[in-house]
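Undergrad:
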Amino acid sequence: MDIVDRIIISEDDIQRRVRELGKAISQDYAGKEITLLCVLKGGLMFLCDLAKHITVPVAYDFMSVSSYGDATESSGVVRIVKDLEESIEGKHVLIVEDIIDTGLTLSYLVKNLHSRNPASLRICTLLNKPANRRVDIPIDYVGFEVPNEFLVGYGLDFKQFYRNIPFVFVPKKEYIQNA
Ligand code: PRP
Numbered sequence: 059m060d061i062v063d064r065i066i067i068s069e070d071d072i073q074r075r076v077r078e079l080g081k082a083i084s085q086d087y088a089g090k091e092i093t094l095l096c097v098l099k100g101g102l103m104f105l106c107d108l109a110k111h112i113t114v115p116v117a118y119d120f121m122s123v124s125s126y127g128d129a130t131e132s133s134g135v136v137r138i139v140k141d142l143e144e145s146i147e148g149k150h151v152l153i154v155e156d157i158i159d160t161g162l163t164l165s166y167l168v169k170n171l172h173s174r175n176p177a178s179l180r181i182c183t184l185l186n187k188p189a190n191r192r193v194d195i196p197i198d199y200v201g202f203e204v205p206n207e208f209l210v211g212y213g214l215d216f217k218q219f220y221r222n223i224p225f226v227f228v229p230k231k232e233y234i235q236n237a
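Counting from 59, one number per residue, gives the positions in the sequence shown under the working numbering.
The following block contains the structure:
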């Protein structure tokens, strides 16, 4: 693909790691049911692949959030655009994210979700970008630590496109500059 400058995580590596995470989650939640909470839109691809490798009963629910303020610097104030359909009270909830960057989105979400009294609340992210972290977030399952670069693919978008690409890549600078 012309837009790709460098592949950061290949499709094979993602699929191998997703299988490992699914196995670990299945062991940790043995005897329980899990509600996978997908944070749209980035978490969707990861949720679909991850769920195939979880062997305990799994339900899905979806949330969509957006940050207030300008797009380049997150304000930490998050607006719920689409809320969960089901109550999570008494349920084991596993948040599924594509990437944790500043941590501000999840920091808000975790507080919000805790107030709904789930039996447990854990976080699973495919990618962790610790260089930009502004609030400490305890992450239970991490696929890969990634460098502080603009990443696209496997859920991560560039102007809403390329989320469907099955690997994670750095786009060519001229694409970003000319966009
Ligand atoms: C991305 C990602 C996380 C959030 C992480 O979503 O999916 O939800 O940003 O960033 P943070 O740790 O700095 O808060 P985005 O707002 O880009 O929406 P999207 O999932 O629809 O792409």
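Glycine is no exception: its CB is placed at the ideal position from the N, C-alpha and C atoms.
My output table needs one value for lysine 99: the three-state DSSP class, helix, strand or coil.
TA: coil
Undergrad: Just mark isoleucine 138 as buried or exposed, buried being the case when its beta carbon has 16 or more other beta carbons within 10 Å.
TA: exposed
Undergrad: How many Å lie between phenylalanine 120 and isoleucine 181 at the Cα?
TA: 14 Å
Undergrad: Does threonine 163 come out as helix, strand or coil in the three-state DSSP assignment?
TA: helix
Undergrad: Just how far apart, CA to CA, sit alanine 177 and phenylalanine 219?
TA: Our two residues, alanine 177 and phenylalanine 219, have alpha carbons roughly 36 Å apart in a direct line.
Undergrad: Could you say if the region 190–200 and the region 88–96 meet the contact criterion of at least three C-beta pairs nearer than 8 Å?
TA: no
Undergrad: Who are the Cβ neighbours of lysine 149 in its own chain at under 7 Å, not counting the five residues just before and after it?
TA: Thr93, Pro176 and Ala177
Undergrad: Which ranges would you report for the beta strand (DSSP E) in the region 63–126 if only whole runs of at least 3 residues count?
TA: 92–98 and 116–125
Undergrad: Is the closest heavy atom of the ligand PRP to the C-beta of lysine 149 under 6 Å?
TA: Not under cutoff, so the answer is no.
Undergrad: Indicate whether threonine 23 and valine 136 have their beta-carbon atoms separated by less than 7 Å.
TA: The requested residue 23 is not part of the displayed model; the chain covers only 59 to 237.
Undergrad: If we ignore side chains and look at the alpha-carbon of each, how far apart do asparagine 222 and serine 84 end up?
TA: 26 Å
Undergrad: May I ask you to report which of helix, strand or coil DSSP gives lysine 169?
TA: helix
Undergrad: In the region 181–213, which residue ranges form an unbroken alpha helix (DSSP H) of at least 4 residues, counting only runs that do not cross its ends?
TA: Segments of the alpha helix (DSSP H) lying fully in the region 181–213: there are none.
Undergrad: Going by the DSSP bridge assignment, what does isoleucine 158 pair with across the sheet?
TA: In DSSP, isoleucine 158 forms a bridge with Asn186.
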